[in-house]
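**Student:** Quick one: the structure is below, questions incoming.
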Amino acid sequence: MARVCLHGYISGKVQGVYYRQSTQEQADRLEIDGWVRNLEDGRVELLIEGEEDAVRELEKWLARGPVKAKVTAVELQPMTPQGITGFIVRR
Numbered sequence: 513m514a515r516v517c518l519h520g521y522i523s524g525k526v527q528g529v530y531y532r533q534s535t536q537e538q539a540d541r542l543e544i545d546g547w548v549r550n551l552e553d554g555r556v557e558l559l560i561e562g563e564e565d566a567v568r569e570l571e572k573w574l575a576r577g578p579v580k581a582k583v584t585a586v587e588l589q590p591m592t593p594q595g596i597t598g599f600i601v602r603r
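Quick note, my numbering runs 512 ahead of the 1-based positions in the sequence shown.
What follows is the structure in structure tokens.
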């Protein structure tokens, strides 16, 4: 299966609701590499890289997020895989 990479932004009530940590947990479960961080404008930015099926599954989860999140938009753009290993929450 091909390795794919997506970079993008999640909008809505996605800060202060355990969104970044939950994203890391989902990424770890799916063996996806990358990072996630909060932005000053209230959005979450992320880069995810892994096997296409796993990335598509995480993409579906990102649209829902954890229980307290209220996602209003998911904007993801494909990019060339970066060769990242591991998944981190950036501060």
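Just so it is clear, CB atoms sit at the ideal spot from N, CA and C, and this is done for glycine as well.
Where DSSP assigns a beta bridge to Glu569, which residues make up the other side?
**Tutor:** If you number the sequence shown from 1, residue 569 lands on position 57. Glu569 is not bridged to any residue.
**Student:** Between Arg515 and Gly562, is the Cβ-Cβ spacing less than 8 Å?
**Tutor:** Walking along the sequence shown from the start, residue 515 turns up at place 3. Walking along the sequence shown from the start, residue 562 turns up at place 50. Yes, the pair counts as a contact, with Cβ atoms nearer than the cut-off.
**Student:** Please state whether DSSP places Tyr530 in a helix, a strand or coil.
**Tutor:** Taking the first residue of the sequence shown as position 1, residue 530 is located at position 18. If DSSP states are grouped into helix, strand and coil, Tyr530 belongs with coil.
**Student:** In the DSSP assignment, what are the bridge partners of Ile600?
**Tutor:** The residue you call residue 600 lines up with position 88 of the sequence shown. For Ile600, which the question treats as bridged, DSSP gives the partners Trp547.
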